[in-house]
Amino acid sequence: MYFFEKHGMDETQTFNYAELINSSFPLHFHRAYEIIIVEQGEMTVKIEGKSYYLSEDEGVFIFPNQLHELITENQSHCRLLIFSPEMVKDFYSMYKHAVPDNNTITVNADIKKENMTSVFSQKSILYKFCDELTRSTSFSQRSLPSKTKIIQTILLYIEEHYYEDCTLKTVAQDIQYDYAYLSKLFYQYTGMSFTEYLNRYRITQAVYFLKSTDLPVKEIAHQCGYNTLRTFNRNFKLYQYSSPTDYRNKR
């Protein structure tokens, strides 16, 4: 997903830490590992069709290329770790062609006390999570189904073109697939139409810009693919339950 691939890790980074407050993100994937830990509240994480309901000190360990979605219905405060396979080379070499049958992990008191100020402490805590996962679940060999690869291609297209006049028809032309087939397949995987997903994705990016920049709301709307402020405001309120200006003032 653009938010983390571009704003969280660049090509030179191997580890990134962030905190998420009351966050939801539509279906996406990373080329890195991802660990999500709930500090307070509750969050649902959907990983390739499985739903994991997480509360305090519970988390999930997501493997590279696993499609996943984050849902907060009430309140949540989460820690997020995104790290490249190079950070856990031994673990990656053993499981690079596999995925866990159960992605959940439990955070014990010792891990909670760890700091992550150096690459050594980062690797230490990551290997502890790797150990926790291997002790708690089995693994299955994995090869990406062709349909999953198509969905990943569509998601990557959205990441690269969401600020343009992006439609499923343009995607279909670009990747040379039938429009009706892609429309049906996309809904099967995401539970929503391409247009709804695109709007959710655009608003997710708008939230990032509102939180982290002082760009005018009109400029943010334009950078997120909206030609009119009215349409941007309507979609923002639909998914964030407030206007962009009110949202920014609360940060």
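Read in order, the letters of the sequence shown are residues 1 to 251 in full-length UniProt numbering. Glycine residues also receive a C-beta, built at the ideal position from the N, C-alpha and C atoms. It should be emphasised that the depicted structure is a prediction, and the values quoted were computed from it without experimental measurement.
Option nearest residue i by Cα separation, candidates the options
i	options	result
Pro85	His77, Thr72, Leu70, Ile62	Ile62
Glu159	His30, Tyr17, Phe15, Asn227	His30
Glu164	Ala221, Ser23, Leu80, His28	Ala221
Ala18	Leu80, Val207, Leu54, Leu27	Leu80
residue 256	Ser51, Leu155, Arg135, Asn233	Nothing can be reported for residue 256, as the shown portion of the chain is limited to 1 through 251.
Ser24	Lys250, Gln75, Asn16, Glu34	Gln75
Gln240	Ala206, Thr213, Cys224, Gln223	Ala206
Lys237	Asn102, Asn199, Ala98	Asn199
Leu20	Val217, Lys218, Thr245, Lys211	Lys211
Val217	Glu196, Asn65, Tyr247, Ser51	Tyr247
Lys149	Leu215, Glu48, Thr106	Glu48
Glu34	Asn65, Tyr52, Tyr179, Lys250	Asn65
Thr137	Phe186, Gln173, Thr104	Thr104
Ile111	Leu185, Val99, Asp131	Asp131
Where residue i falls, given that 16 or more other Cβ within 10 Å makes a residue buried
i	result
Val60	buried
residue 252	Because the chain spans 1 through 251 in this model, residue 252 falls outside it and cannot be assessed.
Leu144	exposed
Arg234	exposed
Tyr2	Per-residue confidence for Tyr2 stands at a pLDDT of 40, beneath the threshold of 50, marking its modelled position as unreliable; the derived number appears in the next sentence. With 16 or more other Cβ atoms within 10 Å, it is buried.
Arg230	exposed
Ala32	buried
Met94	exposed
Gly225	buried
Leu54	buried
Thr228	exposed
Tyr189	buried
Glu56	exposed
Gln204	It should be noted that the sequence gives Thr, not Gln, for residue 204. Result: buried.
Ile37	buried
Gln176	exposed
Gln122	buried
Lys6	Caution applies to Lys6, whose pLDDT of 46 falls short of 50 and renders its modelled position unreliable; the value that the coordinates give is listed next. Lys6 should be labelled exposed.
Ser242	exposed
Boundaries (first-last residue) of the beta strand (DSSP E) holding residue i
i	result
Pro100	98-100
Asn74	Note, Asn74: premise wrong, no beta strand (DSSP E); not H, not E.
Thr106	104-106
Cβ separation of residue i and residue j, assumed to be a contact under 8 Å, to the nearest whole Å
i	j	result
Glu58	Leu27	Not really, about 21 Å apart at Cβ, beyond 8 Å.
Thr14	Phe83	6 Å
Leu67	Ile151	7 Å
residue 296	Asp101	Given that the chain is displayed from residue 1 to residue 251, the structure contains no residue 296 and the question cannot be resolved.
Val88	Leu133	At roughly 11 Å, the Cβ-Cβ gap does not stay under 8 Å, so Val88 and Leu133 are not in contact.
Val171	Tyr157	5 Å
Gly16	Thr72	With the sequence shown as reference, residue 16 is identified as Asn, and Gly is not the correct amino acid for it. Not confirmed; about 20 Å, so no contact.
Ser193	Tyr187	6 Å
Limits of the alpha helix (DSSP H) - the one that residue i falls within
i	result
Phe194	194-212
Lys218	217-223
Thr231	229-240
Lys89	89-95
Asn249	244-249
Proximity test, residue i beta-carbon vs the ligand ADP heavy atom, cut-off 6 Å
i	result
Lys184	By its list of ligands, the structure shown contains no ligand whatsoever, and the ligand ADP lies outside what it can speak to.
_Report the start-end ranges of each beta strand (DSSP E) in the region 114-188 that is 3 residues or longer and not cut off at the edges._
Counting whole runs of 3 or more residues, the region 114-188 contains the beta strand (DSSP E) stretches 139-141.
_Please give the ranges of any beta strand (DSSP E) in the region 12-61, keeping only runs that are unbroken, at least 3 residues long and fully inside the region._
As for any beta strand (DSSP E) of minimum length 3 sitting wholly inside the region 12-61, the runs are 15-21, 25-28, 33-41, 43-47, 50-54, ordered along the chain.
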